[in-house]
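Numbering (mature numbering (1 follows the signal peptide of the UniProt record, and there is no 0)), first residue to last: -18 to -1, 1 to 344.
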């Protein structure tokens, strides 16, 4: 019996090694620990449909997600929209599907963010009221946990880096919520749906919380979850540049065909997947806030001249005129000094000639 078990184990191990390994990099909004719990069923779902591949989950956090792509340690990546456009620009990743979320019975393929505070906080009721207050966010690079709210603050003339009494980062969405409830910050920002999910899990009491409810671009009609920002396309599932295109096509089909009531969808707290959406609105946010890949870069002299020829000519003319003026003034000063010296010599000579006459008179 023991020998039979050993043979079966050997066969299973050999089969696993014979399969081509495919790693799914998962950046989960609630941390790496939640990634395995929520997304292992998706790997199982894909393994059932691909006989020659073995899909596994590689949990990622905000800090190592980019490195995972840069080093090709994953074949696909699920990430937030903000990081996606950077990876698209820097590493040529390409989206193949967009996640559909289930929030309080609503099915949405977009994301938004909420800026919240304790319900008894009468001081903060708008973005302008955040001036002089402390804010807790997830990380500087968190799309739902900072950047969406940052854009709204920017549009209301609030700079989170200079106008707040303090700006701190808790690392995860859950941690932000707990710290605000514990009084460690006047306000916090997390991705919409986090508060409702924590309440459904019995972790928080929503009656203790209120939110800045800003309609943004008017896309929130019909949404019932707490939100404070405009909407953006949801989390993209993307292939890396070197990932096999045929495999990516098959994975995309499998994801988009995922039943909404499947274990994979339910475990991921989603409603499955839809075709990849346009991420132009995410690009708009990054342009407005001048974040990479739209951060301002030093402009070379050649680039400035090429794009600003009339201005460059005026500046060059002004510089030449200034140099000529300096040269002229310097030339005049030199002549004046020379004339002054010559006059002094002449005065000295005449003074010397007059001395004998003065002596005779005396």
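No residue lacks a Cβ here, since even glycine has one placed at the ideal position from N, Cα and C.
- Taking the C-alpha atoms as reference points, what is the distance between residue 320 and residue 144? 58 Å
- Query: By Cβ distance below 7 Å, which residues in the same chain neighbour residue 274 in space, the five residues on each side in sequence not counted?
  - Reply: 68
- Query: Do residue 95 and residue 174 have their C-beta atoms within less than 8 Å of each other?
  - Reply: yes
- For residue 189: DSSP bridge partner residues: DSSP lists no partner for residue 189.
- Message: DSSP three-state label for residue 201, please.
- Response: Model confidence at residue 201 stands at a pLDDT of 46, short of 50, so the residue's coordinates are unreliable and nothing is read from them.
- State the Cα-Cα distance for the pair residue 41 and residue 48, rounded to the nearest angstrom. 13 Å
- Query: Using the C-alpha atoms, what's the distance from residue 111 back to residue 138?
  - Reply: 10 Å
- Look at residue 155 and residue 186 and say whether their C-beta atoms are less than 8 Å apart. no
- residue 225 to residue 276 span [Cα, whole Å]: Distance between the alpha carbons of residue 225 and residue 276: 27 Å.
- Are the stretch 68 to 79 and the stretch 87 to 94 in contact at 8 Å, needing three or more beta carbon pairs? no
- Quick one: give me the first and last residue of the beta strand (DSSP E) that residue 89 is part of. 88 to 90
- Rounded to the nearest angstrom, how far is the Cβ of residue 208 from that of residue 32, given a contact under 8 Å? Between residue 32 and residue 208 the Cβ distance is about 39 Å, and since that is not below 8 Å, they are no contact.
- C-beta atoms of residue 167 and residue 161 nearer than 8 Å: yes
- Item | Proximity of residue 129 and residue 64 at Cβ, strictly below 8 Å | yes
- Item | Three-state secondary structure assigned by DSSP to residue 252 | strand
- Item | As assigned by DSSP and simplified to three states, the class of residue 116 | strand
- Query: By Cβ distance below 7 Å, which residues in the same chain neighbour residue 240 in space, the five residues on each side in sequence not counted?
  - Reply: 27, 246, 247, 254, 255
- Residues near residue 264 by beta carbon distance below 6 Å, same chain, minus five either side: 63, 67, 214, listed in sequence order.
- Considering only the beta carbon of each residue, do residue 135 and residue 159 sit closer than 8 Å? no
- What's the gap between the Cα of residue 314 and the Cα of residue 270? 53 Å
- Quickly, what does DSSP pair residue 3 with across the bridge? List them, please. 36
- Item | Close Cβ partners of residue 141 (< 8 Å) along its chain, the five nearest in sequence each way excluded | 135
- Query: If you draw a straight line from the alpha carbon of residue 119 to that of residue 231, how long is it in whole angstroms?
  - Reply: 36 Å
- Message: Can you tell me whether residue 307 is buried or exposed? The criterion is at least 16 other CB atoms within 10 Å of its CB, across all chains shown.
- Response: exposed
- Item | Residue interval of the alpha helix (DSSP H) (run including residue 179) | 176 to 182
- Rounded to whole angstroms, what's the CA-CA distance from residue 400 to residue 234? Just pull it up for me. Here the chain covers residues -18 to 344 and nothing more, so residue 400 does not appear.
- What are the boundary residues of the alpha helix (DSSP H) that includes residue 14? Where residue 14 is concerned, the enclosing alpha helix (DSSP H) stretches over 14 to 31.
- Could you pull out every residue in the same chain whose Cβ sits closer than 7 Å to the Cβ of residue 201, ignoring the five residues on either side in sequence? Low confidence applies to residue 201: its pLDDT is 46, below 50, so where it sits in the model is not reliable enough to give any reading.
- Item | Cα-Cα separation between residue 149 and residue 272, rounded to whole angstroms | Taking the straight line joining both Cα atoms gives about 19 Å.
- Task: Look up residue 159 in the DSSP assignment and say whether it is helix, strand or coil.
- Result: helix
- Query: Pick from 243, 262, 7: whose alpha carbon is nearest that of residue 50?
  - Reply: 7
- Task: Output yes or no for whether 8 Å exceeds the beta carbon distance between residue 9 and residue 39.
- Result: no
- Roughly how many angstroms lie between the CA atoms of residue 326 and residue 317, to the nearest whole one? 14 Å
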